[in-house]
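Engineer:
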Amino acid sequence: MAKAIRFYETGTPEVLKLEDVEVGEPGPGQARVRHSYIALNFIDIYFRTGRYPLALPNGLGSDAVGVVEAVGAGVTDIRAGDRVGYLMGPQGAYSQVRVMPADVLIPLPDGVSDRTAATLMMKGMTAQYLFRQVFPLQGGETILYHAAAGGVGLIACQWARAMGVTMIGTVSTDEKAELARANGCAHTIVTSRENIVERVKEITGGKGVPVVYDSVGKDTLEASLDCLQPRGSLVSNGTSSGPVVIDSQKLAAKGSLWVTRPAMVHYIQPRAHMLDMAGELFEHVLAGRIVSEPKQVFGLADAAEAHRALESRKTTGSTVLVP
Numbered sequence: 267m268a269k270a271i272r273f274y275e276t277g278t279p280e281v282l283k284l285e286d287v288e289v290g291e292p293g294p295g296q297a298r299v300r301h302s303y304i305a306l307n308f309i310d311i312y313f314r315t316g317r318y319p320l321a322l323p324n325g326l327g328s329d330a331v332g333v334v335e336a337v338g339a340g341v342t343d344i345r346a347g348d349r350v351g352y353l354m355g356p357q358g359a360y361s362q363v364r365v366m367p368a369d370v371l372i373p374l375p376d377g378v379s380d381r382t383a384a385t386l387m388m389k390g391m392t393a394q395y396l397f398r399q400v401f402p403l404q405g406g407e408t409i410l411y412h413a414a415a416g417g418v419g420l421i422a423c424q425w426a427r428a429m430g431v432t433m434i435g436t437v438s439t440d441e442k443a444e445l446a447r448a449n450g451c452a453h454t455i456v457t458s459r460e461n462i463v464e465r466v467k468e469i470t471g472g473k474g475v476p477v478v479y480d481s482v483g484k485d486t487l488e489a490s491l492d493c494l495q496p497r498g499s500l501v502s503n504g505t506s507s508g509p510v511v512i513d514s515q516k517l518a519a520k521g522s523l524w525v526t527r528p529a530m531v532h533y534i535q536p537r538a539h540m541l542d543m544a545g546e547l548f549e550h551v552l553a554g555r556i557v558s559e560p561k562q563v564f565g566l567a568d569a570a571e572a573h574r575a576l577e578s579r580k581t582t583g584s585t586v587l588v589p
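Below you can see the structure in the form of C-alpha cells.
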C-alpha cells in the first residue's frame, strides 16, 4: 500500500483526499517509481476544478522525480535503481509510489539533484519547447514574457539570458520584479501599476516585439496583441486568468498577427526527441546557466494547502510536494 491523493468530484482544494492505494508490480513496458519530489503545475488546478475534464475518481499530477524500484518485461533502457523524472503520462503523480509507462521516464544526470530536477521536468521542458521549437529565438531579439516570476518564468529568464535574448517580463509585485531581474530578466513591468503596452513600446523604441509568450490568457490578451510588431506571433501557452477568444479580423487589423496555442504533447515526441530536449536543458543546468530550486515545499498530505497557495498568485518559482 502507498499514500496517494485522489479526488471524487471537482471543486475547491478540499476535494483532494489522501488515501491508501494498491501499487502492483509493473507489467510489460512499465516501471514502478518511488517518488522523492512531486511538482505542482497550474494545469493541476484546471483538472481539479473541472476546466479540463477527467474521468472520476482519479489521481492528480503528471510531473515528478524518484527512483525506479522495478521494471516489467521488455523494458531495456531503464533499470531498477535509476533516478528518473517524468512530465507526461496518466494523472497520479501526487503519490508515494506508482507504476508508469517506462517510455515516458527521463534518466537524471548525476550532477542534477532530485530536488532541482523536480523543478525542471514540466517547467524546464516547457521553456525549452517555447524558446527552441514553438517560436525559435535568436540572440539579439527582444521578447515579452508574461508571469516572469513563476515556475516556468524564472527558468525562462535564465534561458533567455543564456541565449542573448532581451526579455521583458510582466509580474504582479515589486518583489516578483526583483526576483525576475535577479534571474536574468532585462526589464520588468509591474502590472498592478504600469501599463504593459506603453512600457513595451518605451523599451523597444516604439517597435514592439516579434513574439509574446502569454500563459495568463484573458487578462493580458489585448495587451499582448498590442505589443506585437506587424506579423508578430502570440504564443498562448496558458490561460491562468481565463480562456481567450481570438477574433481573426482583429489579427489582420493589428498587423497580420499569428497566434498559436501549443501543447507539450505535440512537441515532445518521439522519445528520442524528448531525451534530446532534456539533454539540452540539463546541459544548461550542469553549466550553471540555469539554477532552479523549489521556492515552496509542502508535504503530500498538504496538497490542498499547496493548491490554495498556487491559486492565490502569491507563490514564486516552483512549488513541490514531498511524499
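Counting from 1, position 62 in the sequence shown corresponds to residue 328 in the numbering used here; the numbering is continuous, with no gaps.
Beta carbons are placed, not taken as given, at the ideal position from N, Cα and C, and that holds for glycine.
(1) Taking the DSSP output, what are the residues bridged to Met-387?
(2) Please name the residue or residues paired with Thr-585 in a DSSP beta bridge.
(3) Taking its Cβ as the centre, do 16 or more other Cβ atoms sit within 10 Å of Ser-458, making it buried, or is it exposed?
(4) Taking contact to mean 3 or more Cβ pairs, one atom from each stretch, closer than 8 Å, check whether the stretch 575-584 and the stretch 416-434 are in contact.
(5) Please work out which residues of its chain come closer than 8 Å, Cβ to Cβ, to Gln-495, disregarding the five sequence neighbours upstream and downstream, and give them in chain order.
(6) Using DSSP bridges, identify the partner residues of Glu-285.
(7) Is DSSP giving Ala-538 helix, strand or coil here?
(8) Which first and last residues belong to the beta strand (DSSP E) in which Glu-335 is found?
(9) Which residue marks the beginning of the beta strand (DSSP E) containing His-228, and which one marks its end?
(10) On the premise that Phe-548 lies in contact with Pro-375, defined as a C-beta separation below 8 Å, what is that separation, rounded to the nearest angstrom?
(11) Per DSSP, Asn-324 is paired with what?
(12) Taking the alpha-carbon positions, what's the Cys-423 to Gly-351 distance?
(13) Just verifying my parser: in three-state terms, what is the DSSP assignment at Met-354?
Structural biologist: Put simply:
(1) DSSP lists no partner for Met-387.
(2) Gln-562
(3) exposed
(4) yes
(5) Lys-473, Gly-474, Val-475, Pro-476, Gly-521
(6) Ala-270
(7) helix
(8) 330-337
(9) Look at the range of the chain in this structure, 267 to 589, and you will see that residue 228 is not part of it.
(10) 5 Å
(11) Phe-273
(12) 23 Å
(13) coil
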